[in-house]
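*Asks:* So the protein lines, in turn, are chains A and B.
Residue numbers for the first sequence follow my numbering, so the first one is 1 and each next one is one higher.
Residue numbers for the second sequence follow my numbering, so the first one is 1 and each next one is one higher.
Where a beta carbon is used, it is the ideal one built from N, C-alpha and C, also for glycine.
Before I ask anything, here is the structure I am working with.
Protein chains: 2
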Amino acid sequence: MKKEGAKKETREALITAFWKLYREKSIEKITVGEIAAAAGYNRSTFYEYFYDVPDVLQHIENGIVEDMQFGIPDDDRLPMDEVVATFERNADALSVLLGEHGDFSFFFLIRKRMRDAFAELAEKNGVPLTFELQTEIEYHVAGTTASLLMWLRMTDRPSAETYLSAVRSVNEAGTERLLGRLRCEG
Amino acid sequence: MKKEGAKKETREALITAFWKLYREKSIEKITVGEIAAAAGYNRSTFYEYFYDVPDVLQHIENGIVEDMQFGIPDDDRLPMDEVVATFERNADALSVLLGEHGDFSFFFLIRKRMRDAFAELAEKNGVPLTFELQTEIEYHVAGTTASLLMWLRMTDRPSAETYLSAVRSVNEAGTERLLGRLRCEG
DNA sequence: AATTATCATACAACACCGTGTCGGATTGTA
DNA sequence: TACAATCCGACACGGTGTTGTATGATAATT
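Listed below in structure tokens is the structure:
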């Protein structure tokens, strides 16, 4: 065979090529030919490794999802440190995947994972998932994801500790006094 | 000419046809031919009215954006009623546009609009936009959008008042005690 | 050690489908 | 009858996904 074990290498090359393109433009505008050319292979070779263009993204996303464990700890504090850590570990990929021309369904998947962790906990403890509780979970998950992403995408982002203390204070105080804070400096 | 004033009618028919398809599948899988056929026209006719498939969506989105005014009132309460009203008015469209195979960039646009309203207020009052404040705004905007959408997409959704009271209590209390609530019923 | 079968890898060629753009056909209005 | 608004058929082009083939590496057989 042609240099056995090249399979992994070629695959990696294609993924890298895809990623380079995906940073710059949305997935619909990326062609199989482009990816193959950028990786230095024939267009047909691409089909030996992937089903189509979105399939490449799928594999990348799976890798990230596997790395993300949204376990909920035993004390009563929200597991922010862990969430922040997994996001930071995949910062580069996530800021593209969850960015302007990212993957909306991946965004939903991530949030669903987080939401489900809370829902499972409620079920385990026999706490009914009322509309009020659902609203609170949804609010928390979305707020966390979005603020986390904002932080990740800052060019000179402050330390993880700074971010953590910022969300913690929001979690503790709520956002009801937000307008007040925007109106006067004190 | 062929029935003068048909232009508007045809346009509407094409939009309706597009929308019917868009409810079911993501935009990349919708072809010009499908839209035209569903509307009862020749494929070429489509190009008399729209540039391409995403262009149809663009026009729909513009209509919604125009309807959305995120003004901030003079008192210190968050302008939730108004936001809820505009979302409810466009419920059908929004639950698709912001759904699983919706438009990620539209999602960003909506949130940017809301965020900017807060940022402008801060600037007007000379309040520096610190990292902490940015985090809080981002958290609030994302939380609001997501919980609102969750509510909109419920098959038997409770009244707007019920939703409003739920978010208000989250805004006031914060989500720090969320885990506690999930662990014991009291 | 030479032979042969087999397989992994890559590629070229092909038929197919959707795109976007012509020029021309149709039909209501004047 | 002439004009113009509206619509359509036909075209060239580019991307897709598949099929068949060439090449070289491995391994079993003699």
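Using the beta-carbon of each residue, which ones in chain A are nearer than 8 angstroms to Asn62/B?
*Replies:* Here residue 62/B corresponds to residue number 62 of the second sequence, with the count starting at 1. Going along chain A, no residue has its Cβ under 8 angstroms from Asn62/B, so there is no contact; the nearest lies around 18 angstroms.
*Asks:* Return the chain-ordered list of same chain residues with a C-beta closer than 7 angstroms to the C-beta of Ala36/B, the five sequence neighbours on each side being excluded.
*Replies:* Translated into the one-based positions of the second sequence, residue 36/B becomes position 36. Cβ neighbours of Ala36/B beyond the five flanking positions: Asn42, Arg43, Thr45, Phe46.
*Asks:* Buried or exposed: where does Gln134/B fall if 16 or more other Cβ atoms within 10 Å of its Cβ makes it buried?
*Replies:* The sequence position of residue 134/B within the second sequence is 134, counting from 1. Label assigned to Gln134/B: buried.
*Asks:* Cα separation between Met1/A and Leu78/A?
*Replies:* Reading the first sequence from its first residue, position 1 is the one you call residue 1/A. Reading the first sequence from its first residue, position 78 is the one you call residue 78/A. No answer about Met1/A holds up, because its pLDDT of 41 lies below 50 and its placement is not dependable.
*Asks:* Quick test of your reading: Tyr163/B and Ala146/A, contact by CB under 8 angstroms. State the CB separation rounded to the nearest angstrom.
*Replies:* Taking the first residue of the second sequence as position 1, residue 163/B is located at position 163. Taking the first residue of the first sequence as position 1, residue 146/A is located at position 146. Contact flag wrong, Cβ pair sits at about 20 angstroms.
*Asks:* According to DSSP, is Ile64/A helix, strand or coil?
*Replies:* Residue numbering aside, residue 64/A sits at position 64 when the first sequence is read from its first letter. Here Ile64/A sits in helix by DSSP.
*Asks:* Below 8 angstroms on the Cβ atoms is my guess for Met68/A versus Arg111/A; work out the distance and round it to an integer in Å.
*Replies:* Stepping through the first sequence from its first residue, residue 68/A is reached at position 68. Stepping through the first sequence from its first residue, residue 111/A is reached at position 111. Incorrect: roughly 12 angstroms between the Cβ atoms, too far for contact.
*Asks:* What in chain B is Cβ-close to Gln134/A, meaning under 8 angstroms?
*Replies:* What you label residue 134/A is simply residue 134 of the first sequence in a count that begins at 1. Here the neighbours are Met150.
*Asks:* Quick test of your reading: Ile137/A and Phe108/A, contact by CB under 8 angstroms. State the CB separation rounded to the nearest angstrom.
*Replies:* By one-based count along the first sequence, residue 137/A stands at place 137. By one-based count along the first sequence, residue 108/A stands at place 108. About 15 angstroms; that fails the 8 angstroms criterion.
*Asks:* Take Val84/B and list the residues in its own chain whose beta-carbon comes closer than 8 angstroms to its own, dropping the five residues that flank it on each side.
*Replies:* For this step, residue 84/B is matched to residue 84 along the second sequence. Around Val84/B: Leu148, Ala160, Tyr163, Leu164.
*Asks:* Any contact between the segment 87-100 of chain A and the segment 84-96 of chain B? By contact I mean 3 or more CB pairs, one from each, below 8 angstroms.
*Replies:* No: the two stretches stay apart, fewer than three of their Cβ pairs being nearer than 8 angstroms.
*Asks:* On the DSSP letters alone, give me the boundaries of the alpha helix (DSSP H) that Arg115/B sits inside.
*Replies:* Within the second sequence, residue 115/B is the residue found at index 115, counting from 1. Where Arg115/B is concerned, the enclosing alpha helix (DSSP H) stretches over 104-124.
*Asks:* Just how far apart, CA to CA, sit Glu24/A and Ile15/A?
*Replies:* The residue given as residue 24/A occupies position 24 in the first sequence. The residue given as residue 15/A occupies position 15 in the first sequence. Approximately 15 angstroms between the Cα atoms of the pair.
*Asks:* To the nearest angstrom, report how far apart Ala173/B and Asp74/A are at their CA atoms.
*Replies:* By one-based count along the second sequence, residue 173/B stands at place 173. By one-based count along the first sequence, residue 74/A stands at place 74. Cα to Cα, the separation comes out at about 22 angstroms.
*Asks:* Can you grab the Cα-Cα spacing for the pair Met150/A / Arg115/A, in whole Å?
*Replies:* One-based indexing of the first sequence puts residue 150/A at position 150. One-based indexing of the first sequence puts residue 115/A at position 115. Going by the C-alpha atoms only, they are around 20 angstroms apart.
*Asks:* According to DSSP, is Phe70/B part of a helix, a strand, or is it coil?
*Replies:* Numbered from 1 along the second sequence, position 70 holds the residue referred to as residue 70/B. Of the three classes helix, strand and coil, the one that applies to Phe70/B here is coil, per DSSP.
*Asks:* Can you find a CB in chain A that lies within less than 8 angstroms of the CB of Arg153/B?
*Replies:* Locating residue 153/B in the second sequence gives position 153, counting from the first residue. No, Arg153/B lies away from the interface with chain A (no Cβ there is under 8 angstroms from its Cβ).
*Asks:* Have a look at Ala142/A and Glu82/B and give me their C-alpha separation to the nearest angstrom.
*Replies:* As a first step, residue 142/A is located in the first sequence; it is residue number 142 there, counting from the start. As a first step, residue 82/B is located in the second sequence; it is residue number 82 there, counting from the start. Between Ala142/A and Glu82/B, the C-alpha separation is close to 21 angstroms.
*Asks:* Between Val127/B and chain A, is there a C-beta pair that is closer than 8 angstroms?
*Replies:* Along the second sequence, read from residue 1 onward, the residue named residue 127/B stands at position 127. With 8 angstroms as the cut-off, Val127/B counts as an interface residue toward chain A.
*Asks:* Between which residues of its own chain and Ile27/B is the CB-CB distance below 8 angstroms, once the five residues before and five after are set aside?
*Replies:* Numbered from its first residue, the second sequence carries residue 27/B at position 27. For Ile27/B, where only same-chain residues beyond five positions count, the Cβ hits under 8 angstroms are Val53, Pro54, Leu57, His101, Asp103.
*Asks:* Under three-state DSSP, which class holds Met1/A?
*Replies:* Within the first sequence, the letter at position 1 stands for residue 1/A. Residue placement at Met1/A is poorly supported in this model, since its pLDDT is 41, which falls under 50; the coordinates still yield a value, given next. If DSSP states are grouped into helix, strand and coil, Met1/A belongs with coil.
*Asks:* Measuring only the C-alpha atoms, how far is Val167/B from Ala39/A?
*Replies:* Residue numbering aside, residue 167/B sits at position 167 when the second sequence is read from its first letter. Residue numbering aside, residue 39/A sits at position 39 when the first sequence is read from its first letter. Val167/B and Ala39/A: Cα-Cα distance of roughly 50 angstroms.
*Asks:* Answer yes or no: does any C-beta atom of chain B fall closer than 8 angstroms to that of Leu78/A?
*Replies:* Translated into the one-based positions of the first sequence, residue 78/A becomes position 78. For Leu78/A, the answer is yes, since a Cβ of chain B falls inside 8 angstroms of its Cβ.
*Asks:* Quick one: which chain B residues come within Cβ less than 7 angstroms of His59/A?
*Replies:* If you number the first sequence from 1, residue 59/A lands on position 59. Ordered by position in chain B, no residue passes the 7 angstroms Cβ test against His59/A, which lies about 18 angstroms from the chain.
*Asks:* What did DSSP end up calling Asp212/B once you bin it into helix, strand or coil?
*Replies:* Given that chain B is displayed from residue 1 to residue 186, the structure contains no residue 212/B and the question cannot be resolved.
*Asks:* Taking Cβ-Cβ distances shorter than 7 angstroms, what residues in chain B pair up with Val65/A?
*Replies:* For the purposes of this step, residue 65/A is taken as residue 65 along the first sequence, with counting starting at 1. Under the 7 angstroms cutoff, chain B gives no residues; its nearest Cβ is about 16 angstroms from Val65/A.
*Asks:* How far does the alpha helix (DSSP H) with Ile137/A in it extend, from its first residue to its last?
*Replies:* The residue given as residue 137/A occupies position 137 in the first sequence. Unbroken alpha helix (DSSP H) run through Ile137/A: 131-152.
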